[in-house]
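Participant:
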Amino acid sequence: MTNVWIGTDLHLWNDRNDQHHIYRSDANLRQLMDQYNKDIQAGDLFIYLGDLYDPGAVDDKRLAQVRTFISSIPAHKVMCKGNRDTQDDSYYLDLGFDEVCDIAIIHSIVLSHKPV
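Just so you know, we're using the numbering used here here: the sequence shown kicks off at 120 and counts up by one.
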């Protein structure tokens, strides 16, 4: 049976100067990546409901880390863009998502970052 996993609002390296934000730390991101790889299987579906990272806080090195993180998730990956996900769809496909949308509907359940 395929499992459905949902993630949202990681705000990696947020730009709000919040030193207590859990994903300001590269070590915490690696820990999350390890946990995802332990729990999520190749036949699963992973839906991310937006706000992957804060655009003002990501440089080329961190963008490479985001790409590694997303690509390492062994499921089919769907990105529902959030208000901070301002790039075009091809950008998120290049990061490793298999599909990009604003709203996903699965078995009559509406999934979105933004209120609908």
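Just so you know, even glycine gets a beta-carbon here, dropped at the ideal spot from N, CA and C. Here the structure is a predicted model, which means the values were calculated and not measured.
Residue range of the beta strand (DSSP E) that Phe165 falls in?
Facilitator: Here residue 165 refers to the residue found at position 46 of the sequence shown. Per DSSP, Phe165 belongs to the beta strand (DSSP E) from 164-167.
Participant: Please go through the same chain and pick out, in chain order, the residues whose beta-carbon is closer than 6 Å to the beta-carbon of His232, but skip the five residues on each side of it.
Facilitator: Position 113 of the sequence shown, counting from 1, holds the residue named residue 232. Closer than 6 Å at the Cβ level, and outside the excluded window around His232, lie Leu168, Gly169, Cys199, Gly201.
Participant: Could you round the C-beta distance between Leu148 and Ile189 to whole angstroms and report it? I think they count as a contact, below 8 Å.
Facilitator: In the sequence shown, residue 148 corresponds to position 29, counting from 1. In the sequence shown, residue 189 corresponds to position 70, counting from 1. So it is not a contact: roughly 11 Å between Cβ atoms.
Participant: Go ahead and label Leu171 buried or exposed: buried means 16 or more other beta carbons lie within 10 angstroms of its beta carbon, across all protein chains shown.
Facilitator: On the sequence shown, residue 171 is found 52 positions in, with the first residue counted as 1. Buried, by the Cβ-count rule.
Participant: If you count every other CB in all the chains shown that lies within 10 Å of the CB of Lys180, and 16 or more means buried, which is it?
Facilitator: Stepping through the sequence shown from its first residue, residue 180 is reached at position 61. Exposed.
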